[in-house]
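Below is one structure, written out as structure tokens, with a few remarks after it.
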Amino acid sequence: MSTTTYQSDIVAWANEQAQLLRNKQFNLLDIEHLAEEIADVGKSEQRELASRMAGLLCHLLKWHYQPARQGTIWQLTIKTQRERIKRRLKQTPSLKYCLIDSD
14 MSTTTYQSDI
24 VAWANEQAQL
34 LRNKQFNLLD
44 IEHLAEEIAD
54 VGKSEQRELA
64 SRMAGLLCHL
74 LKWHYQPARQ
84 GTIWQLTIKT
94 QRERIKRRLK
104 QTPSLKYCLI
114 DSD
């Protein structure tokens, strides 16, 4: 039985909800908050991708408009961000649609 509320301790609540799911005790689940948390996972992934894209764009602009300051650190950052974006898109293919969505 779930003893921790979503508002009082989200980590303990999440662990309890996971255990309820594993035990197939569906009638004890906090459905409203579970749905909210699942939706937030997707939003978190989108924010991470947007952050990586912004960091990459920033460094590419610096590279282009400040050639005198080009250095190994910027080059490494550009390479790293590109690799992480590529890996994120491979792990979560649906994020590709966030890149082209006009909303």
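Plus 13 on top of the position in the sequence shown (first one is 1) and you've got our numbering.
We put the CB at the ideal spot given by N, CA and C, even for glycine.
Candidates the options, of which the one nearest residue i by Cα
| i | options | result |
| --- | --- | --- |
| I91 | K99, H72 and L108 | H72 |
| S107 | L62, L42, A25 and K37 | L62 |
| R101 | R60, E45, L47 and R35 | R60 |
Cα-Cα separation, residue i to residue j
| i | j | result |
| --- | --- | --- |
| T16 | E49 | 19 Å |
| Y78 | G68 | 15 Å |
| I86 | R65 | 16 Å |
| Y19 | Q38 | 17 Å |
| I23 | E29 | 10 Å |
| K103 | L33 | 31 Å |
| D53 | D43 | 15 Å |
| A25 | I113 | 37 Å |
| K56 | L41 | 26 Å |
Cut-off 8 Å between Cβ atoms - residues of its own chain near residue i, not counting five sequence neighbours on either side
| i | result |
| --- | --- |
| A31 | none |
| I98 | L62, R65, M66 and L69 |
| R82 | K75 |
Test item: CB-CB of residue i and residue j under 8 Å
| i | j | result |
| --- | --- | --- |
| T93 | E58 | no |
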